[in-house]
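With positions in the sequence shown counted from 1, the corresponding number in the numbering used here is that position plus 1475. Positions of the beta carbon are idealized from the N, C-alpha and C atoms, including for glycine. In this text, all values refer to a predicted model and were calculated from it rather than measured experimentally. Report on one structure; see the data block that follows.
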Amino acid sequence: MKKLIFTSIIFLLTGTMAFSQSIPADSLYLGQTPPDNMPLIFAPGIISLPGRTEYGISISPDGAEMLFAIGNWPDKRTMIMEYKNSQWSNPDTVSFSTTRSAEEAIYSPDGQRVYYYAYNPPNPVGGADLCYSVKSGSVWSEPVNLGTPLNTPQSEYHPCFVADSSVYFENASGKICYSKYMNGSYQPRIILPSLFNDQGNAWGNPFVSPDESYFIFNSSRSGGFGGTDLYISYKKVDGTWTNPKNLGNVINTPTNECGSEITDDNLYLTYVSDNDIYWVSSDFIDSLRYTNFLPYVKYPIPDQTGIVGETFSYTISDSTFMDDDGINTLSYNAILSDGNPLPSWLPFDSLSATFSGIPPEAGILEIRVTALDTAGAGVSTTFKIRVNLPTGSDKFTVPGISIFPNPSNGIINIDLNTLSGKTAIAEICNPEGKTIHKDTFESFTRIDMTNDPKGIYILKLIIENEVTVCKIIIQ
């Protein structure tokens, strides 16, 4: 858990003072030359060793202690280095990990607690439980299990505690979860939105800034550089999160990047790449905030249903796509999911985002809708329109008038019956609404459609300025 950042200036000043009270400036970070925007291996030959797996370094608020993990599952041990007697100690197994696998340690703001996950901790709830240790003098206590509801019969990993003691973590299925700390206890977990959890495989390793203004995690999703990449999301005014942005191909590589943390002075990102620990300037936190956000699908379009011969209309909801750069920034287009154009009966108005038309036959259409932002970045989603045949004979009759046969093989008879003697106009329109047959009569007419394509047509009868509409089927 990190310090709450009131302003960047105050944070840097207080962080510097805290460090200077405990450790000389030239001994911070093991005396290494800090990186700029090009990542460097952290402490090569001391912490990051060739042929060994290292994971997740965390540096205490006073800069005088470091924790990191080594080894492979299921035997991962947390190591400790301390600045004592004007020098750094050699790495050694920390007390809470000498008899158990434990890793992903992170310090509390005062440096007197360390949170982590451990296998076989006291009072186990699951395979791996979230725990903490308390510092007494220079010794860390045995694990204290955080219990339920944080821990479950599943395993829980990678705790990150924010300023109000609420916690972000991941469960055994790789879902990133959140538990609010309220009235002295933790509330039931909430699985975070699909932006974090349903885009490829998350395995999130969440790091959330103390004030929850930004969120760094790793994920394997489309558009990445290979393996798992690091992404950042920002908290919006309404409390939701922006579409995550990839940290780019300087930090992310074709291998796996994960296990990220921002140092307590807010200057550096530490993370794991190809089993080694790296660090890099945290300047990207501010710079990425002002680059283009990619639009994304917030609520998928539900499948729709149409009826042969009846007008179909559907308008894409404003809540379907989201663009964090602002409102009214998206334009739309639509095609069939196989890349072919929409059928002629189903035009799409890109300005109103509306589909409309009269389906001539039953079937299923799978449609891909793409939203583009003003920078040309786009995102797509698909949905289906299931067109069903109409049911019931009332779909094909008009009271007082006989229209037969219907369905027909091409000859349509219209008898006015009780309305005989009144002048009627019959217009037959194709699915695009174009009149293809028209006749004026007083009692009976026969319309020959044997040369017209099979399908559904619309018959309009105009009698003394009253219009009646029904469907006819040519088969």
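According to DSSP, residues forming a beta bridge with residue i
i	result
Arg-1921	Asn-1888
His-1912	Ile-1903
Ser-1608	Val-1589
Val-1772	Phe-1796
Ile-1737	Leu-1744
Lys-1946	Ile-1933
Ala-1603	Tyr-1594
Ser-1523	Pro-1519
Glu-1941	Ile-1938
Ile-1752	Val-1747
Ile-1782	Asn-1863
Glu-1631	Asn-1646
Thr-1790	Thr-1829
Asn-1620	Cys-1606
Phe-1636	Val-1642
Local Cβ density within 10 Å of residue i, reported as buried at 16 or more and exposed below that
i	result
Ile-1931	buried
Leu-1826	exposed
Met-1797	buried
Lys-1946	buried
Tyr-1743	buried
Asp-1739	buried
Trp-1548	exposed
Asn-1565	exposed
Glu-1841	exposed
Pro-1514	buried
Asn-1598	exposed
Val-1783	buried
Ala-1809	buried
Asn-1718	buried
Gly-1520	exposed
Asn-1626	buried
Pro-1596	buried
Phe-1644	buried
Asn-1693	buried
Ala-2035	As displayed, the chain neither begins before 1476 nor continues past 1950, which places residue 2035 out of reach and without an answer.
Lys-1711	exposed
Thr-1730	exposed
Thr-1745	buried
Arg-1527	exposed
Leu-1934	buried
Thr-1703	buried
Pro-1618	buried
Ala-1500	exposed
Lys-1720	buried
Ser-1523	buried
Ser-1660	exposed
Pro-1525	exposed
Asn-1646	buried
For residue j and residue i, believed in contact at Cβ under 8 Å, the rounded distance
i	j	result
Asn-1680	Glu-1529	Their Cβ separation, rounded to whole angstroms, is 15 Å, which puts Asn-1680 and Glu-1529 out of contact at 8 Å.
Phe-1517	Trp-1754	5 Å
Tyr-1653	Leu-1667	6 Å
Ile-1726	Ser-1684	17 Å between Cβ atoms; not a contact.
Ala-1539	Ile-1498	5 Å
Ile-1922	Ile-1887	5 Å
Ser-1708	Leu-1769	Actually they are not in contact, since the Cβ atoms of Ser-1708 and Leu-1769 sit about 12 Å apart, beyond 8 Å.
Phe-1759	Thr-1728	That belief does not hold up - the Cβ atoms of Phe-1759 and Thr-1728 are roughly 15 Å apart, past 8 Å.
Ala-1828	Thr-1790	6 Å
Asp-1800	Asp-1848	7 Å
Ser-1806	Lys-1773	With 8 Å as the limit, Ser-1806 and Lys-1773 do not qualify as a contact, their Cβ atoms being about 17 Å apart.
Asn-1863	Ile-1876	At roughly 26 Å, the Cβ-Cβ gap does not stay under 8 Å, so Asn-1863 and Ile-1876 are not in contact.
Ser-1535	Gly-1586	5 Å
Glu-1732	Leu-1705	5 Å
Check: residue i C-beta below 7 Å from any heavy atom of the ligand MN
i	result
Phe-1823	Of ligands this structure carries none, so the ligand MN is not represented either.
Beta carbon proximity, residue i to chain B, threshold 8 Å
i	result
Tyr-1709	In the displayed structure, chain B is absent; only one protein chain is listed.
Curious, which full-length beta strand (DSSP E) runs of at least 3 residues does the stretch 1804 to 1885 contain?
Runs of the beta strand (DSSP E) lying entirely within the stretch 1804 to 1885 and spanning at least 3 residues, in chain order: 1806 to 1811, 1829 to 1832, 1838 to 1847, 1853 to 1863, 1877 to 1879.
Can you list the alpha helix (DSSP H) stretches of 4 or more residues lying completely in the stretch 1530 to 1600, in chain order?
With a minimum length of 4 residues, no continuous alpha helix (DSSP H) run stays inside the stretch 1530 to 1600.
Tell me whether the stretch 1879 to 1889 and the stretch 1850 to 1860 touch, counting them as touching only if at least three CB pairs, one residue from each stretch, are closer than 8 Å.
Result no; under three Cβ-Cβ pairs closer than 8 Å.
Could you tell me whether the stretch 1577 to 1592 touches the stretch 1630 to 1641, using the rule of 3 or more Cβ pairs below 8 Å?
Contact between the stretch 1577 to 1592 and the stretch 1630 to 1641 is present, because at least three Cβ pairs lie under 8 Å.
Taking 8 Å as the threshold, find out whether the stretch 1929 to 1944 comes into contact with the stretch 1828 to 1844 through three or more Cβ pairs.
As far as the Cβ criterion goes, the stretch 1929 to 1944 touches the stretch 1828 to 1844, which means the pair count is three or higher.
Contact the stretch 1551 to 1558 vs the stretch 1568 to 1577: 3+ CB pairs below 8 Å
Yes, they touch.
Could you check whether the stretch 1614 to 1631 touches the stretch 1595 to 1604, counting it as contact only if at least three pairs of C-beta atoms, one from each stretch, sit closer than 8 Å?
Counting C-beta pairs closer than 8 Å gives three or more between the stretch 1614 to 1631 and the stretch 1595 to 1604, which meets the contact rule.
Any chance you could list the alpha helix (DSSP H) runs of at least 4 consecutive residues sitting entirely within the stretch 1638 to 1724, in chain order?
The qualifying runs are 1669 to 1672.
Taking 8 Å as the cut-off, does the stretch 1855 to 1864 touch the stretch 1775 to 1785 (at least 3 CB pairs, one atom from each stretch)?
The way I'd put it, the stretch 1775 to 1785 does touch the stretch 1855 to 1864; three or more beta-carbon pairs between them come closer than 8 Å.
Inspect the CB distances between the stretch 1900 to 1916 and the stretch 1803 to 1814 and report whether three or more fall short of 8 Å.
The stretch 1900 to 1916, when compared against the stretch 1803 to 1814, does not touch it at the 8 Å Cβ threshold.
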